[in-house]
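The structure appears below as structure tokens.
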Amino acid sequence: MMGDVYAVYLRELIRLWRQKVRLVTTIVMPLLWLGVIGNAFNNAFKMPFEGDFLSFLTPGILVMTMVFTSTISGITTVFDREFGFLKEMLVAPIKRESILIGKMLGGVTQAILQGAIIIVLAIIMGVNFKGIESIPGMVLTMFLVSVAFVSFGLAVASKMTSMEGFQMVMNFLIQPMIFLSGAFYPTKMLPSWLKIGVKLNPLTYGVDAMRYFAVGINEFNVVIDLTVMIVLSIAFILLGGYLFRKS
Amino acid sequence: MKAIEIEGLIKEFDGIRAVDGISLEIEYGEIFSLLGPNGAGKTTTISILATLLKPTKGKVKVNGYDVVTQAGKVRHSIGIVFQDPSLDDRLTARENLDIHGRLYHMKKDERRKRIEEVLEMVELQERADSLVKTFSGGMRRRLEIARGLMHKPRILFLDEPTLGLDPQTRRHIWNYIEKLRNEGVTVLLTTHYMEEADKLADRVAIIDKGKIVALGSPSELKDSIGGDVIKIRCSDANKMAAILSSNGFNAMIVDNEIIIKAKKAEKEIPRVFALAKDIEIKSIMYKEPSLEDVFIHYTGKAYREEAGDEMEAIKRRWRMRR
């Protein structure tokens, strides 16, 4: 079982390595957010919390990037289906779960690598992270966010027949979730009707946890944050696993 | 024990029968071909044998294992080359083979040794470390055959292995399949190229609309339709066929041509001319029967290679290759 998962994962790693340029190109967007919006707002407004806006924004951008990367890694299953490699794995004497776990780990690895690059760049830009002690919590949060959204991507991919469908999901589900997560602004500034959306959005708690571990700012209890993320991860793993097996 | 035992296999998709009661036994070491036009049920049959689809009805055993209840053991026993490409083109040839070896639980040393063996067999050693992206269609097919053999399966399935390849590459692939005979691998080959089945297979099952219409070695099948085949084009095919039929010939009209069979064609052709009288005979030819004639004989219709479908398949493959 372990060997089977590793075989699937190894292939994902080789593919990731071959496309390492993509790791760099996909951080352009978060870099623009931090460099332009972060610095502009830093000086433009006084925020209702201690510390600068750039440090507030960085954890949000980190989560945003990981959500995008993780969900998109779900595409690889669709590509596998089109290119037939999935068939090669389906006739091999291995369990479906091994394929699923190996692919998930591949997506998680990619997302965490990207997160690490953004953290390094943020430090260079002068973001005040708490210090070494923030690393375990941040890694845990990154892991939970990417596991949840890779599984979400797999679930979506299992149901999708075209790339157009993927755009739909990104525009109608992922984008609203990110905009309503408090990744870009403190949620206490919102009108109350928008606050409902924020509270119902599971990603809010991922952003909050990341912000707590990274720079020590939070709006909710971090135990609640992590509980929501763990429940979300498990729910998406089960959904992704179920749909993937069925397809 | 047989390599493959199929008994009363039926497969339905939403009530439509793709495979309609196939029974078949294939011996170890045999090269066996399922021959038929596109949509005859060949790929469906192979997918069931490879445990990718479940039979609606019937018993299917591969290497002595039941495809439904012992799917894992069946998968260990077989190698498969799919009709559509299934290599990872961002990996090198060696990496594709290595991942395959891992998926089949081969040990490291065993993998390393076997990779060299199979690459040598399909003459791709020099390209072992090139990305598959850079391979031509023929090279990809060869690598897929190598991969199918990587874990030393006792039975190899080849689903349309030469579809869309140029004649020269096709002949190349045929050579590799010939080599498999010496290795003692049982091969089940589907094809809609008559020539391919004729050249390679020990035995052929001709299938049409999900049913086996004829089964035997290529020469048995050709003998079974009785001697030479005479094809006649004339001004009034229906009238001519009626005349021939009333004079003891078994005349069939396929595509406006009259087809009759004769033990010795040279003797019968003058009789045909004599019977024609006022019907103008535009052309007459005879030949030894081919598998195509066998197909026509057993199904009563012309064998079409369905150019449209084939172009579609080639295009699809091309798109995937990008």
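Those protein sequence lines, which keep their order, are chains A and B. If you read the first sequence in the numbering used here, its first letter stands for residue 18, the second for the next number, and so on. If you read the second sequence in the numbering used here, its first letter stands for residue 836, the second for the next number, and so on. Even for Gly, the Cβ is constructed at its ideal location relative to N, Cα and C. Here the structure is a predicted model, which is why all the values come from computation and not from measurement.
Check whether residue i and residue j have beta carbons under 8 Å apart
{"i": "L938 (chain B)", "j": "A24 (chain A)", "result": "yes"}
{"i": "M1087 (chain B)", "j": "I1114 (chain B)", "result": "no"}
{"i": "I845 (chain B)", "j": "G856 (chain B)", "result": "yes"}
{"i": "A928 (chain B)", "j": "L870 (chain B)", "result": "no"}
{"i": "P1124 (chain B)", "j": "I1047 (chain B)", "result": "no"}
{"i": "G6 (chain A)", "j": "L117 (chain A)", "result": "As shown, chain A starts at 18 and ends at 264. That puts residue 6 (chain A) outside it, with no answer to give."}
{"i": "L1126 (chain B)", "j": "V1039 (chain B)", "result": "yes"}
{"i": "K908 (chain B)", "j": "E842 (chain B)", "result": "no"}
{"i": "S198 (chain A)", "j": "V224 (chain A)", "result": "yes"}
{"i": "Y1028 (chain B)", "j": "M956 (chain B)", "result": "no"}
{"i": "I990 (chain B)", "j": "T1026 (chain B)", "result": "no"}
{"i": "A128 (chain A)", "j": "S163 (chain A)", "result": "yes"}
{"i": "S115 (chain A)", "j": "D242 (chain A)", "result": "no"}
{"i": "A1072 (chain B)", "j": "I1093 (chain B)", "result": "yes"}
{"i": "L51 (chain A)", "j": "M159 (chain A)", "result": "no"}
{"i": "S168 (chain A)", "j": "M121 (chain A)", "result": "yes"}
{"i": "G154 (chain A)", "j": "T88 (chain A)", "result": "no"}
{"i": "I134 (chain A)", "j": "I44 (chain A)", "result": "yes"}
Proximity test, Cβ basis, 8 Å: residue i and chain B
{"i": "R28 (chain A)", "result": "yes"}
{"i": "V38 (chain A)", "result": "no"}
{"i": "P110 (chain A)", "result": "yes"}
{"i": "I241 (chain A)", "result": "no"}
{"i": "L117 (chain A)", "result": "no"}
{"i": "L130 (chain A)", "result": "no"}
{"i": "K104 (chain A)", "result": "yes"}
{"i": "M19 (chain A)", "result": "no"}
{"i": "L217 (chain A)", "result": "no"}
{"i": "G101 (chain A)", "result": "yes"}
{"i": "L107 (chain A)", "result": "yes"}
For residue i, the first and last residue of its enclosing alpha helix (DSSP H)
{"i": "Y229 (chain A)", "result": "219-232"}
{"i": "G170 (chain A)", "result": "151-176"}
{"i": "R262 (chain A)", "result": "239-263"}
{"i": "D21 (chain A)", "result": "19-35"}
{"i": "G830 (chain B)", "result": "The first residue shown for chain B is 836 and the last is 1157, placing residue 830 (chain B) beyond what the model contains."}
{"i": "I1131 (chain B)", "result": "1126-1134"}
{"i": "K1074 (chain B)", "result": "1072-1081"}
Neighbour flag for residue i against chain A, beta carbons, 8 Å
{"i": "E995 (chain B)", "result": "no"}
{"i": "S1070 (chain B)", "result": "no"}
{"i": "R976 (chain B)", "result": "no"}
{"i": "N945 (chain B)", "result": "The question names Asn, yet the displayed sequence has Glu at residue 945 (chain B). Taking Cβ atoms only, chain A never reaches closer than 8 Å to E945 (chain B), which makes this a no."}
{"i": "I883 (chain B)", "result": "no"}
{"i": "I915 (chain B)", "result": "yes"}
{"i": "E1018 (chain B)", "result": "no"}
{"i": "Y939 (chain B)", "result": "yes"}
{"i": "H911 (chain B)", "result": "yes"}
{"i": "E1031 (chain B)", "result": "no"}
{"i": "F848 (chain B)", "result": "no"}
{"i": "S921 (chain B)", "result": "yes"}
{"i": "R925 (chain B)", "result": "yes"}
{"i": "A1142 (chain B)", "result": "Since pLDDT at A1142 (chain B) reaches only 46, below the 50 mark, its modelled position is unreliable, and the value read off the structure follows with that caveat. False, the Cβ-Cβ gap to chain A never drops below 8 Å."}
Simplified DSSP state of residue i, which is helix, strand or coil
{"i": "L207 (chain A)", "result": "coil"}
{"i": "R1173 (chain B)", "result": "In this structure chain B extends from 836 to 1157, so residue 1173 (chain B) is not present and cannot be described."}
{"i": "F867 (chain B)", "result": "strand"}
{"i": "T86 (chain A)", "result": "helix"}
{"i": "A200 (chain A)", "result": "coil"}
{"i": "V1107 (chain B)", "result": "helix"}
{"i": "M187 (chain A)", "result": "helix"}
{"i": "V137 (chain A)", "result": "helix"}
{"i": "A109 (chain A)", "result": "coil"}
{"i": "E1092 (chain B)", "result": "strand"}
{"i": "V897 (chain B)", "result": "strand"}
{"i": "D1063 (chain B)", "result": "strand"}
{"i": "R1156 (chain B)", "result": "Bear in mind that the predicted position of R1156 (chain B) carries a pLDDT of just 45, short of 50, making it too unreliable to give a figure here."}
{"i": "M1087 (chain B)", "result": "strand"}
{"i": "I1100 (chain B)", "result": "Looking at the sequence itself, residue 1100 (chain B) is Ala, so the reference to Ile does not match. A1100 (chain B) falls in the helix class under three-state DSSP."}
{"i": "V125 (chain A)", "result": "helix"}
N-terminal and C-terminal residue of the beta strand (DSSP E) that residue i is part of
{"i": "S912 (chain B)", "result": "Unbroken run through S912 (chain B) is the alpha helix (DSSP H), 906-912; no beta strand (DSSP E)."}
{"i": "Y1121 (chain B)", "result": "1116-1122"}
{"i": "L966 (chain B)", "result": "It is not in any beta strand (DSSP E) - L966 (chain B) carries neither H nor E in the DSSP assignment."}
{"i": "A1040 (chain B)", "result": "1038-1043"}
{"i": "A1049 (chain B)", "result": "1046-1051"}
{"i": "V1022 (chain B)", "result": "1021-1026"}
The ligand ATP heavy atom lying under 7 Å from the CB of residue i
{"i": "L138 (chain A)", "result": "Of ligands this structure carries none, so the ligand ATP is not represented either."}
Note down, one range per segment and in chain order, each beta strand (DSSP E) of at least 3 residues found wholly within the stretch 988-1017 of chain B. 990-994
Can you list the alpha helix (DSSP H) stretches of 4 or more residues lying completely in the stretch 42-82 of chain A, in chain order? 45-49, 56-61
Ordered list of alpha helix (DSSP H) runs contained in the stretch 937-963 of chain B, each at least 4 residues: 943-956
Scan the stretch 846-893 of chain B and note each continuous alpha helix (DSSP H) run of 4 residues or more that stays entirely inside, going in chain order. 877-884
Against chain C, which members of the stretch 984-1016 of chain B pass a CB distance test of less than 7 Å? Although the question refers to chain C, the structure presented lacks it and instead comprises the protein chains A and B.
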